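Contents: one structure, followed by commentary.
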Amino acid sequence: MSQEVRVRFAPSPTGFVHIGSLRTALFNYLFARHHGGKNILRIEDTDQTRKVEGAVENLISSLGRLGITFDEGPETGGNHGPYYQSERLNIYREYCEQLLASGHAYYAFETQDELDEMRRLQQLEGKQTMYDRRGRDLSDDEVNEKLASDAPRVIRLKVPLGEEVRFNDLVKGNIKIDTDIVDDQILLKSDGFPTYHLANVVDDHLMNITHIIRGEEWITSVPKHILIYKALGWDVPLMAHVPLILNPDKSKLSKRQGDVAVEDYLQKGYLKEALVNFIALLGWNPGEGEEKEFFSMEELTKEFTLDKVQTSGAVFNIDKLNWMNNAYIKNYDIDKLADISMPFFKGTGIDMNDKDRVKKILSAIRVYLNKLNEIPEHVELFAATEVTIKEETLLEHLTSETSKKAFASLSEKIEALDFLTADNYKLAISEVQSETGIKGKALFKPVRIALTGSENGPELPAIAEILGKDKVIEFLKRWH
RNA sequence: GGUCCCAUCGACUAGGGGUUAGGUCGCCACUCUUUCACAGUGAAAACACGGGUUCGAAUCCCGUUGGGACCGCCA
169 MSQEVRVRFA
179 PSPTGFVHIG
189 SLRTALFNYL
199 FARHHGGKNI
209 LRIEDTDQTR
219 KVEGAVENLI
229 SSLGRLGITF
239 DEGPETGGNH
249 GPYYQSERLN
259 IYREYCEQLL
269 ASGHAYYAFE
279 TQDELDEMRR
289 LQQLEGKQTM
299 YDRRGRDLSD
309 DEVNEKLASD
319 APRVIRLKVP
329 LGEEVRFNDL
339 VKGNIKIDTD
349 IVDDQILLKS
359 DGFPTYHLAN
369 VVDDHLMNIT
379 HIIRGEEWIT
389 SVPKHILIYK
399 ALGWDVPLMA
409 HVPLILNPDK
419 SKLSKRQGDV
429 AVEDYLQKGY
439 LKEALVNFIA
449 LLGWNPGEGE
459 EKEFFSMEEL
469 TKEFTLDKVQ
479 TSGAVFNIDK
489 LNWMNNAYIK
499 NYDIDKLADI
509 SMPFFKGTGI
519 DMNDKDRVKK
529 ILSAIRVYLN
539 KLNEIPEHVE
549 LFAATEVTIK
559 EETLLEHLTS
569 ETSKKAFASL
579 SEKIEALDFL
589 TADNYKLAIS
599 EVQSETGIKG
609 KALFKPVRIA
619 LTGSENGPEL
629 PAIAEILGKD
639 KVIEFLKRWH
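Under this note's numbering, think of the first position of the first sequence as 169, with each following residue one higher.
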């Protein structure tokens with residue numbers, strides 16, 4: 169391949185980053201890196217009504233946090249800018265003129281109401297709703313007259329009828345569509361802005377995009393785009409339409425059935441590595457019998473190819489994400505884990521400045537965490553100033569004679585220590601065992617309940633060390 | 001409704017003419033651990049259906065069924 173690979177991620181700045189967008193952005197990024205090409209960010213802000221303040225910054229930072237970066241774009245710049253479509257209006261207009269002049273486009277003057285009525289009728293007849301191409305019948309005089317007035321006008325693509333558009337999709341294979349069912353798509357809106365269809369063709373060409381990688385929902389508008397490329401005398405980039413990410417009921421992933429914003433997942437304490445790993449495996453896999461499931465961004469970059477992209481949609485399975493996230497949490501560098509966990513300790517009563525202690529706590533509980541926002545519920549016992557016994561039935565373990573004896577003995581042993589560690593706690597416990605003859609459940613269960621108020625939880629020696637000598641004695645004293 | 005896309009365990013998937021159809025999540029059982037969890041072992045669990053082609057089809061072809069996407073002066 170002599171030509172440099174250039175791909176683009178082209179979102180519209182309407183707010184948060186959708187999981188589906190993340191996947192598209194990821195695949196573009198991986199593809200570009202795999203081929204040593206360029207990854208370009210282009211903002212498709214041609215719909216003035218949907219603009220959201222701060223969306224672009226948010227998008228770049230969210231993607232950046234996950235390790236998805238761009239070689240050209242609004243913040244990085246580049247030789248093919250501007251990268252906001254709203255700043256390229258004159259370019260689109262120029263090509264629209266060209267299309268008009270060559271007879272590949274025409275003016276149309278219908279109002280919104282007229283179009284609505286047209287569609288209503290079509291629906292009534294059970295026909296496909298599409299522009300009925302009535303503007304094509306206007307004479308030159310009629311057009312000129314309208315143009316001279318202040319009537320709103322629009323420029324539409326003149327789709328050649330009775331033809332067949334074929335293209336070879338890199339993941340879907342050969343696709344053909346009859347032009348008779350292709351709409352005379354609006355190219356330039358009455359507000360002077362282009363539609364997506366015109367803008368993306370013009371930009372992809374001008375920005376030398378070699379591969380278009382985007383969601384499957386675009387596949388039905390490909391013929392329009394190809395017709396535009398042809399009308400302008402341009403080569404059509406290679407295309408790869410990746411399957412959708414689905415709700416559990418197999419419909420397109422939507423807010424209705426759970427979180428769809430990348431930010432939501434980050435906020436809940438899904439690690440970026442886990443998120444990227446999981447999303448990459450939704451619709452792609454290394455194939456060839458490879459059974460590995462954990463991939464770093466570097467490994468993904470190395471392995472990723474379009475021919476291993478799945479042809480059918482993939483359900484977003486939160487259970488597996490949780491499992492994977494937990495796996496990352498369990499194996500994460502403890503220092504780094506402590507750093508990124510800090511926000512989740514807020515309000516728990518744990519001193520966040522005492523990083524050593526935070527690390528010890530994390531080591532004790534990480535095995536339980538599917539995501540970082542579960543920290544508070546597991547950390548309660550370490551911050552407690554007194555133990556609350558949650559269930560009545562646990563009380564009898566604390567009030568029996570053997571328990572009292574064990575508590576007294578254990579207190580005494582710990583009292584003699586300078587400070588409590590997991591190791592000398594274990595020693596103390598075994599001394600209690602041999603001196604009092606109390607052992608097994610009869611010993612461990614009451615102690616656990618006395619220290620934590622619960623029958624289960626992390627390992628006792630670790631808990632004892634984190635609680636510290638004073639608290640352990642205090643908690644024990646209460647029962648003897 | 002029209003057009004297009006898709007079809008292996010509940011989910012993610014490997015396999016792509018001859019396999020006991022493999023792995024992972026989840027579910028269940030057992031083991032380990034004096035708790036829960038983790039870990040380990042094991043089990044249940046799939047080629048949508050019907051026709052072809054072929055000595056042989058999950059695999060190739062056609063059809064049916066089912067699912068999805070799109071049908072906007074949104075992207």
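Cβ atoms here follow ideal geometry from the backbone N, Cα and C, with glycine treated the same way.
Please read these numbers as outputs of a predicted model, since none were measured by experiment.
Rounded C-alpha distance that separates Ala-319 from Lys-398
When rounded, the distance between both Cα atoms is 30 Å.
Pair every Cβ in the region 388-402 with every Cβ in the region 460-477, then say whether three or more of these pairs are closer than 8 Å.
In short, these stretches do not touch, since the Cβ pair count stays below three.
Do Ser-509 and Leu-540 count as a contact pair if the criterion is CB distance below 7 Å?
Ser-509 sits close to Leu-540, with the two beta carbons spaced by under 7 Å.
How big is the Cα-Cα spacing for Val-245 and Asp-371?
Here residue 245 is Gly; the residue named in the question, Val, does not match the sequence. Their Cα atoms are separated by approximately 15 Å.
In angstroms, rounded to a whole number, what distance separates the CA positions of Tyr-299 and Glu-212?
Whole-angstrom Cα-Cα distance: 24 Å.
Cα-Cα separation between Met-169 and Leu-421, rounded to whole angstroms:
Unreliable positioning characterises Met-169 in this predicted model, as indicated by a pLDDT of 47, which lies under 50. The coordinate reading is nonetheless provided below. Spanning the alpha carbons of Met-169 and Leu-421 requires a straight line of approximately 36 Å.
Measuring alpha carbon to alpha carbon, tell me which of Trp-452, Asp-501 and Leu-505 ends up nearest Thr-479.
Considering only alpha carbons, the answer is Trp-452.
With distances taken Cα to Cα, identify the nearest neighbour of Leu-395 among Lys-523, Lys-344, Lys-440 and Gln-171.
Of the listed residues, the one whose Cα sits closest to Leu-395 is Lys-344.
Backbone secondary structure at His-379 - three-state DSSP
The DSSP-derived three-state label of His-379 is strand.
Select from Gly-383, Lys-613 and Lys-392 the residue whose C-alpha is nearest the C-alpha of Leu-194.
Closest option to Leu-194, Cα to Cα, is Gly-383.
Consult DSSP for Ala-630 and reduce its assignment to one of helix, strand or coil.
Helix.
Output the distance between the C-alpha atoms of Ile-557 and Ser-531, rounded to the nearest integer angstrom.
As the crow flies, the alpha-carbon of Ile-557 is around 25 Å from that of Ser-531.
Can you give me the Cβ contacts of Thr-297 inside the same chain, cut-off strictly under 7 Å, excluding the 5 residues immediately before and after it?
Around Thr-297: Arg-287, Gln-290 and Gln-291.
Identify the residues that DSSP records as bridge partners of Pro-362: which are they?
Its beta-bridge partners are Leu-356.
Report the start-end ranges of each alpha helix (DSSP H) in the region 202-248 that is 4 residues or longer and not cut off at the edges.
Counting only runs of 4 or more, we get 223-233.
Where does Ala-177 fall in DSSP's three states?
First, the amino acid is wrong: residue 177 is Phe here, not Ala. Reduced to three states, the DSSP call for Phe-177 is strand.
Compute the beta-carbon to beta-carbon distance between Tyr-275 and Arg-304, rounded to the nearest angstrom, for a pair I have assumed lies under 8 Å.
Contact flag wrong, Cβ pair sits at about 10 Å.
Beta-carbon proximity of Thr-620 to Leu-549, cut-off 7 Å
Less than 7 Å separates the beta-carbon of Thr-620 from that of Leu-549.
Quick check on the DSSP output: the alpha helix (DSSP H) that includes Asp-432 runs from which residue to which?
Per DSSP, Asp-432 belongs to the alpha helix (DSSP H) from 430-435.
The region 351-365 contacting the region 254-263, beta-carbon criterion three pairs below 8 Å:
The region 351-365 vs the region 254-263: in contact.
Per DSSP, what are the beta-bridge partners of Glu-603 in this structure?
Paired residue(s): none; Glu-603 is not in a bridge.
Hey, Met-520 and Phe-512: beta-carbon distance below 7 Å or not?
Pairing Met-520 with Phe-512 gives a Cβ-Cβ distance that is not under 7 Å.
Between Leu-227 and Lys-440, is the Cβ-Cβ spacing less than 7 Å?
No, the Cβ-Cβ distance between Leu-227 and Lys-440 is not below 7 Å.
Have a look at Lys-164 and Thr-589 and give me their C-alpha separation to the nearest angstrom.
Residue numbering for the chain in the displayed model covers 169 to 648; residue 164 lies beyond these limits and cannot be assessed.
Can you have a look at Phe-587 and say buried or exposed, based on whether 16 or more other CB atoms are within 10 angstroms of its CB?
That one is exposed.
Check each candidate in Gly-625, Val-173 and Gly-271 and name the one with the smallest Cα separation from Lys-613.
It is Gly-625.
Let me know the secondary structure DSSP gives Asn-368 once reduced to three states.
In the structure shown, Asn-368 sits in a helix (DSSP, three-state: H, G or I).
Starting from the Cα of Ser-180, find the closest Cα among Leu-190, Arg-174 and Glu-172 and give me that residue.
Distance check between Ser-180 and each of Leu-190, Arg-174 and Glu-172 places Leu-190 closest, using alpha-carbon atoms only.
In its own chain, which residues sit with a C-beta less than 7 Å from the C-beta of Thr-570, not counting the 5 before and 5 after it?
These residues qualify, in order along the chain: Ile-606 and Ala-610.
Arg-334, enclosing beta strand (DSSP E) - first and last residue:
Per DSSP, Arg-334 is one residue of the beta strand (DSSP E) stretching across 332-337.
Where does Arg-201 land, buried or exposed, given buried means 16+ other C-beta within 10 angstroms?
So Arg-201 ends up on the buried side.
Can you give the Cα-Cα distance for Ala-442 and Cys-264, rounded to whole angstroms?
A direct Cα-Cα distance of roughly 45 Å separates Ala-442 from Cys-264.
Contact check, Arg-210 vs Arg-176, beta carbons under 7 Å:
Between Arg-210 and Arg-176, the CB-CB gap stays under 7 Å.
Could you spell out the range, first to last residue, of the alpha helix (DSSP H) harbouring Val-526?
Residues 523-533.
Closest residue to Gln-266 among Pro-405, Leu-414, Leu-355 and Gln-435 (Cα-Cα distance)
Among Pro-405, Leu-414, Leu-355 and Gln-435, the Cα nearest to that of Gln-266 is on Leu-355.
Once DSSP output is grouped into helix, strand and coil, what is the label at Ala-273?
Three-state result, Ala-273: strand.
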